[in-house]
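Novice: Numbering (the UniProt record's numbering), first residue to last: 1 to 449. Here's a structure for you.
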């Protein structure tokens, strides 16, 4: 292997085909063993090359569009009459004991006539015709079928709608279900448009293909709004099969939840303005997404004022299984102010979360011991919380006091004043208990932060 090819030798009057073959082989064995991006001169010209080195292989990606070389042939100063092309070369070297034992090289060229963009051609070193044999029903249990399926999806992601439609329309019934899976899994606008044009939901003859499309949608790795809109649009139309119609609605529901999660959690993570953060926190308070708990912990512990308090009360709405040891550890830090000073309203909410979600003996004991050292009005507020626990059947009751009769329904009204006697917080909670399982029915708060 050579890092750079310094010179090239050939016989006088050697055939051009042989010379080009030599140049190609020389370029193939031009590589480096370390990762990085550089410029190399080979048969393609002066090109930008990226190396990705691993323990047993090296991948060389050459951006053929970046290659600088004189090319003979037709040229025109008018862009509208020209040709747009995009090309990439990927070469993988398999290495064992410092020796290259195998080389796999693939080039992809996409060509488009600017004047008539529907005329497009794609030259692939691995054609669909060579892949399709592995997707025959008899071969689906083999590992090669999986490799071929994944390789074909990569090619589909660079293909245009017309090209995909051409393949779909030309295939037979045996391979079509696998082809529909692949096209749907490509998850590009062109592949989605192609498969929707190809499938006729009014027909009862293609129910199997419609099912395969819908199953692939349900397991999509990154569904987007376009897919959701497309399914909603299809649902408003007519169907040949009522089962397919039901499946479309079920998948719309699943994708709607995914999109809502992305919108709420993504928005909360990126929000900078106070009003935007409050908006997303209120949305999360209604949605109660388990994936949002790490963000709520961050906002509760690191922010101040209304944001910290709203994040804490949002956590309060989650069911017991979601209040993990990690959540309670953070609530303990906030209540006992181990890292920073927190608002009284945030501290009392943190204490309530601990006490009402299966607290340990030491957690209850530490909160009780802290009450005498709190500001006067906060002392009263915490005492009222503890008295509610003693009076009614709540999770922290057993470590504190036993012998109270069971109550199926209860409420608590806690009021916190500032040192000057101004109302700081009032908190009304209504709970329903069935066999010690709580349901937080209503929470009404009034805060002055």
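Just so you know, even glycine gets a beta-carbon here, dropped at the ideal spot from N, CA and C.
(1) Evaluate residue 201 with the Cβ neighbour count: other Cβ atoms within 10 Å of its Cβ, from every protein chain shown; 16 or more gives buried, anything less gives exposed.
(2) Straight-line CA distance for residue 17 to residue 29?
(3) My guess is that residue 332 and residue 363 are in contact by the Cβ rule of under 8 angstroms, so how many angstroms apart are they, rounded?
(4) Between 238, 258, 229 and 184, which has its C-alpha nearest residue 215's C-alpha?
(5) With which residues is residue 93 paired in a DSSP beta bridge?
(6) Please state whether DSSP places residue 253 in a helix, a strand or coil.
(7) Please state the DSSP three-state secondary structure of residue 121.
(8) State buried or exposed for residue 381, treating a residue as buried only when at least 16 other CB atoms are found within 10 Å of its CB.
(9) Using the DSSP secondary-structure output, state which residues sit across from residue 36 in a beta bridge.
(10) When we look at the beta-carbon of residue 119 and count the other beta-carbons within 10 Å, is it buried (16 or more) or exposed?
(11) Assuming residue 235 is part of the alpha helix (DSSP H), what are its boundary residues?
(12) Under a three-way DSSP split, which group does residue 372 fall into?
(13) Taking the C-alpha atoms as reference points, what is the distance between residue 403 and residue 389?
(14) In the DSSP assignment, find the unbroken alpha helix (DSSP H) run with residue 285 in it and report its ends.
(15) Taking Cβ positions only, does residue 334 come closer than 8 angstroms to chain C?
(16) Can you name, in chain order, every residue of its own chain whose Cβ lies under 8 angstroms from the Cβ of residue 307, other than the five neighbours on each side?
(17) So the candidates are 68, 63, 88 and 100; which of them puts its Cα closest to the Cα of residue 57?
(18) Are the stretch 350-363 and the stretch 317-335 touching, with three or more C-beta to C-beta distances below 8 angstroms?
(19) Where does the unbroken alpha helix (DSSP H) through residue 69 begin, and where does it stop?
(20) Judging by CA-CA distance, which residue of 47, 161, 374 and 87 is the nearest neighbour of residue 69?
(21) Mapping the DSSP letters down to three states, classify residue 85 as helix, strand or coil.
(22) Span of the alpha helix (DSSP H) holding residue 31?
(23) Quick check on the burial criterion: 16 or more other C-beta atoms within 10 angstroms. Buried or exposed for residue 20?
(24) Using a threshold of 8 angstroms, state whether the C-beta atoms of residue 453 and residue 164 are closer than that.
(25) Quick test of the definition: if touching needs 3 or more C-beta pairs under 8 angstroms, does the stretch 192-208 touch the stretch 228-245?
(26) Grab the span of the alpha helix (DSSP H) containing residue 152 for me, first residue to last.
(27) Throw me the rounded Cβ distance for the residue 158 and residue 108 pair, which I believe falls under 8 angstroms.
Specialist: By the coordinates alone:
(1) Along the chain shown, one-based indexing puts residue 201 at 201. The residue is buried, with at least 16 neighbouring Cβ atoms inside 10 Å.
(2) Counting from one through the chain shown, the residue named residue 17 turns up at place 17. Counting from one through the chain shown, the residue named residue 29 turns up at place 29. Rounded to whole angstroms, residue 17 to residue 29 spans 19 angstroms at the Cα level.
(3) Against the chain shown, residue 332 aligns to sequence position 332. Against the chain shown, residue 363 aligns to sequence position 363. Yes, residue 332 and residue 363 are in contact; Cβ-Cβ is about 7 angstroms, under 8 angstroms.
(4) Translated into the one-based positions of the chain shown, residue 215 becomes position 215. Considering only alpha carbons, the answer is 184.
(5) As a first step, residue 93 must be located in the chain shown, where it is residue number 93. Answer by DSSP bridge pairing, in chain order: 58 and 103.
(6) Within the chain shown, numbered from 1, the residue matching residue 253 stands at position 253. Three-state result, residue 253: helix.
(7) In the chain shown, the residue the question calls residue 121 occupies position 121. Unreliable positioning characterises residue 121 in this predicted model, as indicated by a pLDDT of 43, which lies under 50. A coordinate reading is not provided.
(8) Position 381 of the chain shown, counted from the first residue, corresponds to residue 381. Residue 381 is buried by the Cβ-count criterion.
(9) Here residue 36 is taken as the residue at index 36 of the chain shown, counted from 1. Answer is 51.
(10) Your numbering for residue 119 matches position 119 in the chain shown. Here residue 119 scores only 44 on pLDDT, less than 50, and its place in the model is too uncertain to base an answer on.
(11) In the chain shown, the residue the question calls residue 235 occupies position 235. Counting along the chain, the alpha helix (DSSP H) containing residue 235 begins and ends at 225-235.
(12) Counting from one through the chain shown, the residue named residue 372 turns up at place 372. Coil, per DSSP.
(13) Along the chain shown, read from residue 1 onward, the residue named residue 403 stands at position 403. Along the chain shown, read from residue 1 onward, the residue named residue 389 stands at position 389. Note on residue 403: pLDDT 40, under 50, position unreliable in the model; the coordinate value appears next. If I take the Cα positions, the gap works out to 12 angstroms.
(14) As a working mapping, residue 285 is identified with position 285 in the chain shown. Element bounds for residue 285: 274-287.
(15) Of the chains in the structure shown, none is chain C; there is only one protein chain.
(16) Position 307 of the chain shown, counting from 1, holds the residue named residue 307. Closer than 8 angstroms at Cβ, skipping near neighbours: 274, 277, 278, 281 and 299.
(17) Along the chain shown, read from residue 1 onward, the residue named residue 57 stands at position 57. If we check each option's Cα against that of residue 57, 100 comes out closest.
(18) yes
(19) Along the chain shown, one-based indexing puts residue 69 at 69. No alpha helix (DSSP H) contains residue 69, which DSSP labels as neither H nor E.
(20) Within the chain shown, numbered from 1, the residue matching residue 69 stands at position 69. The residue with the shortest Cα to Cα distance from residue 69 is 47.
(21) Counting from 1 along the chain shown, the entry for residue 85 is found at position 85. If DSSP states are grouped into helix, strand and coil, residue 85 belongs with the strands.
(22) For the purposes of this step, residue 31 is identified with residue 31 of the chain shown, where counting begins at 1. Looking at the DSSP string, residue 31 is not in any alpha helix (DSSP H), and its letter there is neither H nor E.
(23) One-based indexing of the chain shown puts residue 20 at position 20. With fewer than 16 other Cβ atoms within 10 Å, it is exposed.
(24) Examination of residue 453 is not possible in this model, given that the chain is present from 1 through 449 alone.
(25) yes
(26) As a first step, residue 152 must be located in the chain shown, where it is residue number 152. First-last of the alpha helix (DSSP H) with residue 152: 143-156.
(27) Residue mapping note: residue 158 aligns to position 158 of the chain shown, counting from 1. Residue mapping note: residue 108 aligns to position 108 of the chain shown, counting from 1. With 8 angstroms as the limit, residue 158 and residue 108 qualify as a contact, their Cβ atoms being about 7 angstroms apart.
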